[in-house]
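Engineer:
Number of protein chains: 2
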Amino acid sequence: MTRRTTIRVVLADDERMVRTALRAILSAEPDLEVVGEAATGAEAVSVARELRPDVVLMDVRMPEVDGIRATEQILATLAAPPRVVVVTTFENDSYVYDALRAGACGFLLKRADADALVQAVRLVARTDSLLFPSAVRALAAAHARAEPAPPAWVARLTGRESEVLRHLAAGLTNAEIARLMEVGPATVKTHVAAVLAKTGTRDRTQAVIAAYEAGFMNAR
Amino acid sequence: MTRRTTIRVVLADDERMVRTALRAILSAEPDLEVVGEAATGAEAVSVARELRPDVVLMDVRMPEVDGIRATEQILATLAAPPRVVVVTTFENDSYVYDALRAGACGFLLKRADADALVQAVRLVARTDSLLFPSAVRALAAAHARAEPAPPAWVARLTGRESEVLRHLAAGLTNAEIARLMEVGPATVKTHVAAVLAKTGTRDRTQAVIAAYEAGFMNAR
DNA sequence: ATCCGCCTCCGCCGCGCGGGGGAGGGGCCT
DNA sequence: AGGCCCCTCCCCCGCGCGGCGGAGGCGGAT
Chain A
200 MTRRTTIRVV LADDERMVRT ALRAILSAEP DLEVVGEAAT GAEAVSVARE LRPDVVLMDV
260 RMPEVDGIRA TEQILATLAA PPRVVVVTTF ENDSYVYDAL RAGACGFLLK RADADALVQA
320 VRLVARTDSL LFPSAVRALA AAHARAEPAP PAWVARLTGR ESEVLRHLAA GLTNAEIARL
380 MEVGPATVKT HVAAVLAKTG TRDRTQAVIA AYEAGFMNAR
Chain B
200 MTRRTTIRVV LADDERMVRT ALRAILSAEP DLEVVGEAAT GAEAVSVARE LRPDVVLMDV
260 RMPEVDGIRA TEQILATLAA PPRVVVVTTF ENDSYVYDAL RAGACGFLLK RADADALVQA
320 VRLVARTDSL LFPSAVRALA AAHARAEPAP PAWVARLTGR ESEVLRHLAA GLTNAEIARL
380 MEVGPATVKT HVAAVLAKTG TRDRTQAVIA AYEAGFMNAR
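Protein sequences, first through last, are from chains A and B. Going by our numbering, the first sequence opens with residue 200, and the numbers climb by one from there. Going by our numbering, the second sequence opens with residue 200, and the numbers climb by one from there.
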């Protein structure tokens, strides 16, 4: 209810204009104070370490160290880390998920209006409402274990072999795959043999397991 | 920047006291208007349908229809659905993930202070900042495909059959499974046949697929 | 005492599967 | 011109697998 002290904010964005704009918006609020700025990820980390802000507005795309790594380092090295809000241009940005995993507790679109920005900063500063970090991180962790780095063999599969593996993972027999792909059963056998060789498996069942473990099924 | 009109809010909570408290807090703000209340999930759906609010504060635990189903129904049946904010008591509530999957775009803890509540409602109403629904839903979807409700057949498997299925999903042959389980190959065949019957699959490969799809592999 | 579910095995049979080796054609790069 | 990769298809062979029916023991419910 009563604001005990001002919310200390650090801005991290490689574009000076963006920083200026954000500073102008936030400084207009009596309860918000922009205590520092950073133009690179590395700078953001050191600035956060020195100034101990309550909130960091972090751009994803920055030179040297990107916003994701910077977020990780800030959260890892500080005892009482600030709330990190990641700023992106597009909401379907793939960085979103990496940022979540890194521990960011919120997002802002650059096109968000000033009002929303201010409110978001206030909200994040007082935490424990609207999507808490713990929930976010649990989700991100689930997302992470769903697709780590795909094994090398995925890239080595030819077009037809990938098709065959997909059908294998659907539980089809060679004959069924042949009908679906409109080729002879012998051809399918050849492809299956190639898939087994490249995946390092000995039978179709192990190949299917490899496909699932590799997240091969999640990639559409 | 300028608020064009008031934010219309509907409260859904089975406890009258909670509704009263929320209404008191929100009504104190000139830009917020509590236009309706509901004491059950079913009521929440019909009220939302009639009043077309901007935001619905939805309790998870409610008689008849719980908050999750109510959220689903509201989002499914309305052309321009309201933003649904789910209200929980504990942040590690397992309902959180179900709510995300259902399409809720935010969370509030009941212990959140009045200020945070008001700000959260404003923020959610003007959308597109702080964790957008699309990102949340993508994450929730990832989480969902990791562990939906396990199919009925999982419970029907006997102890030995579960063991066998686990070994099948490790890519072992019947002979290997027999050695591991210290029984005869014929016994393994019997168990495999039972697994195929209960999973409704025709061969070991499909059984493994079923195991993966059912999240059978995640459960330890 | 009877039934039923679970686990343990046995045989027989057919077939899909995987291994091995070969062959021809089309596209691409050198 | 060659070489290489990919796709296509053929043969034979062995075997693991799944379907079928049957059997015995053991424990818990009724």
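Cβ atoms here follow ideal geometry from the backbone N, Cα and C, with glycine treated the same way. If you're wondering where the values come from, they're calculated on a predicted model, not measured in any experiment.
Where DSSP assigns a beta bridge to V234 (chain A), which residues make up the other side?
Structural biologist: None; V234 (chain A) has no bridge partner.
Engineer: Who are the Cβ neighbours of V363 (chain A) in its own chain at under 7 Å, not counting the five residues just before and after it?
Structural biologist: Taken in chain order, the residues that qualify are I376, V387, H390, V391 and V394.
Engineer: Got a sec: is the Cβ-Cβ distance from R207 (chain B) to anything in chain A below 9 Å?
Structural biologist: No, R207 (chain B) lies away from the interface with chain A (no Cβ there is under 9 Å from its Cβ).
Engineer: Do T276 (chain A) and R248 (chain A) come within 9 Å of each other at the CB atom, strictly closer than that value?
Structural biologist: Yes, the Cβ-Cβ distance between R248 (chain A) and T276 (chain A) is below 9 Å.
Engineer: Does any residue of chain B bring its CB to less than 9 Å from the CB of I267 (chain A)?
Structural biologist: No, its Cβ sits nowhere closer than 9 Å to a Cβ of chain B.
Engineer: Closer than 7 Å by C-beta to T400 (chain A): which residues in its own chain qualify, once you throw out the five before and the five after it? Chain order, please.
Structural biologist: The residues are A406 and A409.
Engineer: List the residues of chain B whose Cβ lies closer than 7 Å to the Cβ of A368 (chain A), in chain order.
Structural biologist: Near A368 (chain A) (Cβ distances below 7 Å), the residues of chain B are I408.
Engineer: Would you give the residue range spanned by the beta strand (DSSP E) that R372 (chain A) belongs to?
Structural biologist: According to the sequence shown, residue 372 (chain A) is Thr rather than Arg. Neither: T372 (chain A) is in no beta strand (DSSP E) and is coded neither H nor E.
Engineer: Give the interface partners of T404 (chain A) over in chain B, defined as CB-CB distance under 8 Å, in chain order.
Structural biologist: Ordered by position in chain B, the residues that pass the 8 Å Cβ test against T404 (chain A) are L367, G370, R403, T404 and V407.
Engineer: So, does the region 256-264 of chain B touch the region 232-240 of chain B, judging by three or more C-beta pairs under 8 Å?
Structural biologist: At 8 Å Cβ cutoff, the stretches touch.
Engineer: On the three-state DSSP scale, how would you describe R251 (chain B)?
Structural biologist: Reduced to three states, the DSSP call for R251 (chain B) is coil.
Engineer: Between B:R268, B:V208, B:V353 and B:H366, which lies nearest to A298 (chain B) when the distance is taken from Cα to Cα?
Structural biologist: Here the closest residue by C-alpha is B:R268.
Engineer: Excluding sequence positions up to five away, which residues of its chain have a Cβ less than 8 Å from the Cβ of R251 (chain B)?
Structural biologist: Only R207, L277, A279 and P281 meet the Cβ criterion.
Engineer: Using a C-beta cutoff of 9 Å, does L322 (chain A) count as contacting chain B?
Structural biologist: Judged by the 9 Å Cβ criterion, L322 (chain A) is in contact with chain B.
Engineer: Could you pull out every residue in the same chain whose Cβ sits closer than 6 Å to the Cβ of E232 (chain B), ignoring the five residues on either side in sequence?
Structural biologist: Within the same chain, E232 (chain B) has close Cβ partners T205 and R207.
Engineer: Distance check for T398 (chain B) and L379 (chain A), CA to CA, integer angstroms please.
Structural biologist: Cα to Cα, L379 (chain A) sits roughly 25 Å from T398 (chain B).
Engineer: Could you confirm whether any beta carbon from chain A is found closer than 9 Å to the beta carbon of A223 (chain B)?
Structural biologist: No, its Cβ sits nowhere closer than 9 Å to a Cβ of chain A.
Engineer: Over the uninterrupted beta strand (DSSP E) stretch that includes V208 (chain A), give me the two end residues.
Structural biologist: Here the beta strand (DSSP E) through V208 (chain A) covers I206 to A211.
Engineer: Using CA atoms only, rank isn't needed, just tell me which of A:E360, A:A243 and A:E381 is closest to D212 (chain A).
Structural biologist: Of A:E360, A:A243 and A:E381, the residue nearest in Cα terms is A:A243.
Engineer: Counting only C-beta atoms, is F331 (chain A) closer than 9 Å to chain B at any point?
Structural biologist: For F331 (chain A), the predicted model reports a pLDDT of 49, less than 50, meaning its position is unreliable; a value from the coordinates is still stated below. Yes, contact with chain B.
Engineer: Return the CA-CA distance between E360 (chain B) and V285 (chain B), expressed in angstroms with no decimal places.
Structural biologist: For E360 (chain B) and V285 (chain B), the distance between alpha carbons rounds to 40 Å.
Engineer: Using a Cβ cut-off of 9 Å (strictly closer), state whether A315 (chain B) contacts chain A.
Structural biologist: For A315 (chain B), the answer is yes, since a Cβ of chain A falls inside 9 Å of its Cβ.
Engineer: In the region 375-393 of chain B, which residues sit with their C-beta less than 9 Å from some C-beta in chain A, listed in chain order?
Structural biologist: Going along the region 375-393 of chain B in chain order, one finds no residue with a Cβ nearer than 9 Å to chain A.
Engineer: Let's test the definition: count the other Cβ atoms within 10 Å of the Cβ of S333 (chain B) and tell me whether it reaches 16, buried, or not, exposed.
Structural biologist: With a pLDDT of only 45 at S333 (chain B), under the threshold of 50, the placement of this residue in the model should not be trusted; the figure read from the coordinates follows. Exposed, because fewer than 16 other Cβ atoms sit within 10 Å of the Cβ of S333 (chain B).
Engineer: Starting from R325 (chain A), find everything on chain B with Cβ-Cβ shorter than 8 Å and list it in chain order.
Structural biologist: By Cβ distance, chain B contributes D312, D314 and A315.
Engineer: With G305 (chain A) and V317 (chain A) assumed to form a contact (beta carbons below 8 Å), what rounded beta-carbon distance in angstroms separates them?
Structural biologist: Not quite, the Cβ-Cβ distance comes to about 13 Å (not below 8 Å), so this is no contact.
Engineer: Counting only Cβ pairs nearer than 7 Å, list the residues of chain A close to Q318 (chain B).
Structural biologist: Residues of chain A passing the Cβ test: Q318, R321 and L322.
Engineer: Beta-carbon within less than 6 Å of T287 (chain A)'s beta-carbon, same chain only, minus the 5 sequence neighbours each way: which residues are those?
Structural biologist: Result list for T287 (chain A): V259, in chain order.
Engineer: Return the chain-ordered list of same chain residues with a C-beta closer than 7 Å to the C-beta of Q272 (chain A), the five sequence neighbours on each side being excluded.
Structural biologist: The residues are V244.
Engineer: At a Cβ threshold of 9 Å, is T239 (chain A) touching chain B?
Structural biologist: It does not; no Cβ of chain B falls within 9 Å.
Engineer: Between L221 (chain A) and P350 (chain A), what straight-line distance do the alpha-carbon atoms span, to the nearest angstrom?
Structural biologist: Whole-angstrom Cα-Cα distance: 42 Å.
Engineer: Answer with buried or exposed for T404 (chain B), where buried requires no fewer than 16 other C-beta atoms within 10 angstroms of its C-beta.
Structural biologist: Buried, because 16 or more other Cβ atoms sit within 10 Å of the Cβ of T404 (chain B).
Engineer: Rounded to whole angstroms, what is the Cα-Cα separation between T219 (chain A) and K309 (chain B)?
Structural biologist: Taking the straight line from one Cα to the other gives about 37 Å.
Engineer: Of all the CB atoms in chain B, is at least one closer than 9 Å to the CB of T400 (chain A)?
Structural biologist: Output row for T400 (chain A): interface = yes.
Engineer: Between V254 (chain B) and the rest of its own chain, which residues show a CB-CB distance below 7 Å, the 5 nearest in sequence each way excluded?
Structural biologist: For V254 (chain B), where only same-chain residues beyond five positions count, the Cβ hits under 7 Å are I206, V208, P281, R282, V284, V320, V323 and A324.
Engineer: Are the beta-carbon atoms belonging to G302 (chain A) and L274 (chain A) less than 9 Å from one another?
Structural biologist: In this structure, L274 (chain A) lies closer than 9 Å to G302 (chain A) by Cβ.
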